[in-house]
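Please read the structure below before turning to the comments.
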Amino acid sequence: MSKHAISVSINGTTYEDIVDSRTLLVHWIRDGLHLTGTHVGCDTTSCGACTILVDGKATKSCTMFAVQANGRQIVTVEGLEQDDRLHPMQEGFHEKHALQCGYCTPGMMLAGVALLQRNPHPSEQEIREGISGNLCRCTGYVNIVRAIQYAAEKMSASEPVPVPAGEGDD
2 MSKHAISVSI NGTTYEDIVD SRTLLVHWIR DGLHLTGTHV GCDTTSCGAC
52 TILVDGKATK SCTMFAVQAN GRQIVTVEGL EQDDRLHPMQ EGFHEKHALQ
102 CGYCTPGMML AGVALLQRNP HPSEQEIREG ISGNLCRCTG YVNIVRAIQY
152 AAEKMSASEP VPVPAGEGDD
């Protein structure tokens, strides 16, 4: 089995490790780094529970190898909160009751953050398309859409919003 040295910035902290070439990024994040907010769902990119931001782009970590993350900047749900302040997306999910079991929530939030980076003022249809790679079996998506709309409004307000480490860096 081949091993590789990697150095990855996650939520603003650099992690260096030796990983097997076949280790999936989601497993390294959860099992190796104990950042368990990234969930393992289907392992086939169908559900989106494992969605993280890699260099600012929503990425399903169940089909990316840890070695592919070498030199990259990653944000997990743990990295959204900054300076003891919830990110507007987290706040929106709370305020708009956009979760039930919570399993899809971290991936859904990060898909929403990535969407708002690309399109700060999306329509309802654009939000639905933006999260279409993430499945929720509990909510029916109505409150998730409302939460993303809430975050978009809050982020476009005059108050500066904390930007998670690595977000938007290309």
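My numbering numbers the first residue of the sequence shown as 2 and each following residue consecutively. Beta carbons are placed, not taken as given, at the ideal position from N, Cα and C, and that holds for glycine. Predicted model, so just to flag it, every value in this text is computed and none were measured.
Straight-line gap, residue i to residue j (C-alpha atoms, nearest Å)
i      : j      : result
Ser124 : Val76  : 25 Å
Val41  : Val27  : 7 Å
Phe150 : Pro107 : In the sequence as presented, Phe is not what sits at residue 150; that position holds Gln. Their Cα atoms are separated by approximately 17 Å.
Cys48  : Leu116 : 17 Å
Gly57  : Leu87  : 18 Å
Gln118 : Ala6   : 31 Å
Gly33  : Pro89  : 29 Å
Residue nearest to residue i in terms of C-alpha spacing, selected from the options
i      : options                         : result
Ala50  : Val78, Tyr104 and Glu130        : Tyr104
Thr60  : Gly113, Thr14, Gln83 and Phe94  : Gly113
Asn185 : Cys137, Met156, Thr140 and Ile7 : It is not possible to answer for residue 185, since the shown part of the chain is limited to 2 through 171.
Glu127 : Ile145, Cys139 and Ile19        : Ile145
Reduced DSSP category for residue i - H, G, I as helix; E, B as strand; rest coil
i      : result
Ile132 : coil
Gln101 : coil
Thr14  : strand
Q: Spell out a yes or no on whether the region 120-135 and the region 76-91 are touching, meaning 3 or more CB-CB pairs, one atom from each, closer than 8 Å.
A: no
Q: Evaluate the contact criterion for the region 55-71 versus the region 19-37: three or more CB pairs, one atom per stretch, below 8 Å.
A: yes
**Q.** Continuous alpha helix (DSSP H) assignments of at least 4 residues falling wholly in the region 36-97
**A.** 89-96
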